[in-house]
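Right, one structure below, let's go through it.
Next up, the structure:
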C-alpha cells in the first residue's frame, strides 16, 4: 500500500515538473509566468533528492546507519555533539548560504533566463550537491577532518599545502568582490548608506544585551535587532530627504571603498560577541525570512518573466560581462550550481555534529538544493524586471554613458526598448536618485524583489521601503562575511608566516595579529579599490576571477571525492564524481585560458594590459585613464589579474596530475586502500533514524 | 471561576517552554551546543574537573564559531 502511495506521489511530482517545463518550452518567444520556472525547479529538486541522492548514498557510498559517527564516538559536549537532523540542516544551510547565489544568477540573466536556470538545475543535481554530500561523507568517515587535511591524507602533503594557498587566494578575491557589490549598491545612496551604518550601533546593542543583560538569549536579541533594523529603514527616508543629513550620507564609490576597508580592519579586531555574532544572527534571520517571503511572493503575484528566454548576448558581446556562453556562464554562476567553498563547510563543523550516516544525504545533498533554490529566486527576480531597466542597471558607464538619455538610447539600440522617463521613474519609485550602472547583483535583485513584494504587500508606495530592505539584507550579510572572512584570512596568513618566523604565527600576540589583519585587508582592499575606480572592469573582472577560483576549488574537492571512491574500490561508480569533475575542469580551464590569452581586450587580461602598456609607451592616453601614470596602473592591474588567474589554472592542473597518479595506484590495488576510521557500532540503546 | 487563571497560567507555561525550545533550535542553528548536555558530559566522564559556567561556555562557543578557522561561504 505504502509502495503504491509512493509511486503515485512521485509520479505526480514528475508530471507537475514535466508540465512546468513544457509551459516554457512550448511558449518560447512568448511571456511566461515565473511560477512555472519555480515549480519546475522544485520538481527537479524533489526528484533528484528522492532518486539520485538515494542512489549515491546507498549504492555508491554505501552509508551505514549502524556505524557510530564522530559526534557519538568522540562526544565531548563541545566540538563533537550529536545534533538533531533538522537543527543540523539549518546550521549547515546557514553556513553555506551567502551572497554568492544572489549575485551570479543576476549577472548571468543578461543571456536570458533559460541558460542560467538550466545550468543551476543541472549543476546542482549532478555536481554541486554531489560534491557537498561526498565531502561530508568522507569527512564523517575521517573523524571530521578538514578538506586540507583530507587532501594531505589521501593525495599527499604537497597537494595539501598547495590547496591551502589556493583557498587563501580565493578568500581574498571573494572578500574584494563582495565588498565591491556593497560599494555599487551604496554609492550616492544616502538612504541605503544610513541603514547600513545603523546596523553597527544596532549590532553593538544586541551584543551587549546577549553578553550582559540576558546572556545567551539569541532569539530575543535577534527579534529586538530586526525591529530596530526595520525602524532604521523607515527613518532612512527622512534622513535621505533632509538637506544636511542627506548630504552627509551621500558618499562616492571610492569613499565607501575606504570605509569598507577601515571597517574590515576594525571589525575583525573586535571581540566576536560585540559585533560579529549579533550581525551573524541578524543576517541569518533576514536571509531565511527574505527567501521564504520571496518564494511566497512569486506564487502570490505570479509575475511574468519579461526577459527573453535567450538573448543575443550568448555570443559573448554582453555589457554585463564579456565572453560567450561557453565557458563563461558556468563560472559566472558558481554558488547555486556548484560551489567549491562548500567543501570547506562540509568538512568543518557539520561532520562533527552529525548523529548518523543516514543523515548525510539530507544535510549534504539537501542543504545544497536549498542554496540552489535561492539562486533560482535570484534569477527569477532579475528576469521579471523590464529588460531595459536590467541592462541600464548592469551595464558599465563606459558603455551606456552617465545620463538617462544616453543610457536609454544605447540600451534601446540593443533591442530592449526603454525611455529616459521610465529610468527616472524607476529610480524615483525606489527612493533613489539614479539606477545607472549599479552592477553587482544586489541593486538589480533589490528592484526585482521590491516590485514583487510591493505587489504582494503594500502597493507602489511601499516599493522604496522594500528596495532598501533588500539592499539592507544583502549588505548586512556581505558585511558579516567581510568581518568573518578577514578573521579567517588572518589565521591563514599567520599560519603561513609562522613557518617563516614562529612568533608571527602566534595568534595570541597582538603585533602579529595586527600584521596578519593588515596584510589580509590590504590584499582584498587593493582588489576592491582597483574594481571601484575601473569603469570597465570591477564586477566584470573580479566576479569572473572569483568564479574561476571557486570552481577550481570544486574541481579539487571532486578530485578528492574521486580518489576516495577509487581507494574504496568503488570504481564502478566513479562516474558519479568523474563526470562533474571533467565538466568543471573543461569549463574552468577554458575560461582561465581565455581570460589569460584571449585576443579581445574585453576578455583577455594580457591583451588589455598590452594595449595600455603599448599605448603608454608611445605616449598615447586611452580612456578611461587620464594620465600616463593611470595608464600604467591599468596595465599593472591586468598583469596582476593574469597572475592570479594563471595561479588558479596551474593549481588545478597540478592537483589533477596527483589525483590521476594516485587513482591509478588505487586501481591496481586488490584491497581498499582508503584511510577511514575503523568501524564502531552505535552504543547500546542509541538509535537514530 | 478559579479554573480560568490556572488554565491561563498553564498556557503561559507551555508558551514559555515553546520559546525555550525555539531558542534551543535557534542556538543549534548557530552552532552553539546545548549547555545542559555539556554539563552532563562533564559530570559523567570528567568528574574531577570543574566545568565552565554558562557564560564561559557561551563565550567559548562564540569564539569557536567566529574566530576559528572555519571559513564560511560566499
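Protein chains in written order, with my numbering: chain A, 103 to 791; chain B, 994 to 1067.
A virtual CB, placed ideally from N, CA and C, is assigned to each residue, including glycine.
Interface residue (Cβ-Cβ distance to chain A less than 8 Å): residue 1041(B) is not classified as such. It is roughly 22 Å from the alpha-carbon of residue 534(A) to the alpha-carbon of residue 518(A).
Taking a 10 Å sphere around the C-beta of residue 288(A), we find 16 or more other C-beta atoms and assign the residue as buried.
Under the DSSP assignment, residue 784(A) falls outside any alpha helix (DSSP H); it carries neither an H nor an E label. Residues of chain A whose Cβ lies closer than 7 Å to the Cβ of residue 1002(B) do not exist; the shortest such Cβ separation is about 22 Å.
Taken through DSSP and simplified to helix, strand or coil, residue 300(A) comes out as helix.
Against chain A, the beta carbon of residue 1056(B) has neighbours under 8 Å at 374, listed in chain order. Taking C-beta atoms as the reference points, residue 492(A) and residue 409(A) count as a pair closer than 8 Å. The residue among 584(A), 623(A), 666(A) with its C-alpha nearest the C-alpha of residue 382(A) is 584(A). If the five residues before and after residue 1053(B) are omitted, its C-beta is found closer than 7 Å to the C-beta atoms of 1045, all from its own chain and listed in chain order. Nearest in C-alpha terms to residue 627(A), of all of 447(A), 655(A), 773(A), 588(A), is 588(A).
For residue 1051(B), the neighbours in chain A by C-beta distance under 7 Å run, in chain order, 317, 318.
The C-beta of residue 276(A) has 16 or more other C-beta atoms within 10 Å across all chains shown, which makes the residue buried. With contacts defined as CB atoms closer than 8 Å, residue 295(A) and residue 331(A) fail to qualify as a contacting pair. In this structure, the straight-line span from the alpha carbon of residue 682(A) to that of residue 655(A) is close to 13 Å. Going by beta carbons, residue 469(A) and residue 182(A) fall outside the 8 Å limit. Between residue 463(A) and the set 166(A), 387(A), 432(A), 261(A), the nearest pair of CA atoms involves 166(A).
The C-beta distance from residue 784(A) to residue 170(A) rounds to 5 Å, short enough to meet the 8 Å contact threshold. Within the stretch 429-487 of chain A, no run of beta strand (DSSP E) reaches 3 residues while sitting entirely inside it. Distance between residue 325(A) and residue 375(A), taken at the CA atoms: about 17 Å.
Relative to the Cα of residue 393(A), the nearest Cα in the group 566(A), 576(A), 361(A) belongs to 576(A). Cβ-Cβ separation between residue 547(A) and residue 208(A): approximately 5 Å, consistent with a contact (criterion under 8 Å).
When the beta-carbon positions are compared, residue 386(A) and residue 334(A) stay at least 8 Å from each other. Pairing residue 111(A) with residue 760(A) gives a Cβ-Cβ distance that is not under 8 Å. In this structure residue 686(A) touches residue 440(A) by the C-beta definition: roughly 7 Å separates them, less than 8 Å. For residue 507(A), the uninterrupted alpha helix (DSSP H) run begins and ends at 506-515, by DSSP. For residue 372(A), no alpha helix (DSSP H) segment is defined, and its DSSP state is neither H nor E. In this structure, the CA atom of residue 245(A) is about 54 Å from the CA atom of residue 531(A). Residue-level contact by beta carbon holds for residue 1030(B) and chain A, with a gap shorter than 8 Å.
Proximity of residue 1036(B) to chain A, defined by a Cβ-Cβ separation below 8 Å, is not satisfied. Shown here for residue 776(A): same chain residues with a beta carbon closer than 7 Å to its own, the five before and five after excluded, namely 666, 669, 670 in chain order. Using a 10 angstroms sphere on the CB of residue 194(A), the tally of other CB atoms reaches 16 or more, which defines it as buried. Contact annotation for residue 1020(B) against chain A: 320 [CB-CB distance below 7 Å, chain order]. Beta-carbon to beta-carbon, residue 286(A) and residue 540(A) are separated by about 5 Å, close enough to satisfy the 8 Å threshold. At a cut-off of 8 Å between beta-carbon atoms, residue 1047(B) makes contact with chain A.
For residue 631(A), the enclosing alpha helix (DSSP H) covers residues 612-635.
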